[in-house]
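Take a look at the structure below.
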Amino acid sequence: MGVEIVEESIDKVVATMPVRGNTQSFGLLHGGASLAVGEAVGSWAAVKHASTMGKVAVGVDVSATHHKGAREGNVTITATPIHLGRSLTTHEVLIENEAGERLCTMRITNMVVEKKS
C-alpha cells in the first residue's frame, strides 16, 4: 500500500499513502484502502498508549464516512485520541488529500489487553 509513518506519539500518529496503487476500478482511492490504512494507523496509536502499561491493543470497532474522492497524489492519515483508558482506547482518524481537504472520517475503538507469551 506504500504507507509511511511520519510521526508517532501517544498524542498523534501520522502516516502518508499514495493514491496510485490503492484505487478501485473507476480510478478513485478505494474505500477499502482508506479503511485498511485508517484502521492500521488508529491501531498503531492505540498500541503506543497500551505499551506504556506493558500491554497491547486489539481492534473491536471501526466506522467510517467517506466525504470526497481522490484520484492522484498522496493522502495523509492522522489518528488522535478521543479516549485513552486502561481497558479501551478510541481514536479519530482523518484522511486528507494534499490540499488538506477531508476525504474520510473514521473512529476506531481498541481494547487494551495483556501481551500473550
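Using UniProt numbering, the first residue of the sequence shown is number 1, and each one after it goes up by one.
Using N, Cα and C, we set each Cβ at its ideal position, and we do this for glycine too.
Computed from a predicted model, the values in this text were never measured in an experiment.
Is the beta carbon of residue j closer than 8 angstroms to that of residue i?
{"i": "S34", "j": "C104", "result": "yes"}
{"i": "R107", "j": "H67", "result": "no"}
{"i": "M111", "j": "V58", "result": "yes"}
Compute the Euclidean distance between the alpha carbons of residue i and residue j, then round it to the nearest angstrom.
{"i": "Q24", "j": "H30", "result": "5 angstroms"}
{"i": "K115", "j": "S87", "result": "13 angstroms"}
{"i": "T76", "j": "S117", "result": "34 angstroms"}
{"i": "E92", "j": "F26", "result": "28 angstroms"}
{"i": "G69", "j": "G54", "result": "39 angstroms"}
{"i": "P81", "j": "E7", "result": "14 angstroms"}
{"i": "S9", "j": "A79", "result": "10 angstroms"}
{"i": "I5", "j": "S51", "result": "18 angstroms"}
{"i": "V3", "j": "G32", "result": "14 angstroms"}
{"i": "L28", "j": "R71", "result": "5 angstroms"}
Among the options, which residue has its Cα nearest to the Cα of residue i?
{"i": "V56", "options": "T89, G21, D11 and N22", "result": "T89"}
{"i": "H83", "options": "E72, L28, N74 and K12", "result": "K12"}
Notebook entry, point to check: Between the segment 94–104 and the segment 47–58, are three or more C-beta pairs nearer than 8 angstroms?
Noted result: Not touching, per the Cβ criterion.
Notebook entry, point to check: Given 8 angstroms as the limit, is there contact between the segment 3–19 and the segment 54–65, that is, 3 or more CB pairs closer than that?
Noted result: The segment 3–19 is not in contact with the segment 54–65.
Notebook entry, point to check: Curious, which full-length alpha helix (DSSP H) runs of at least 4 residues does the UniProt domain "Thioesterase" (26–103) contain?
Noted result: For the UniProt domain "Thioesterase" (26–103), whole alpha helix (DSSP H) runs of length 4 or above, ordered along the chain, are 31–51.
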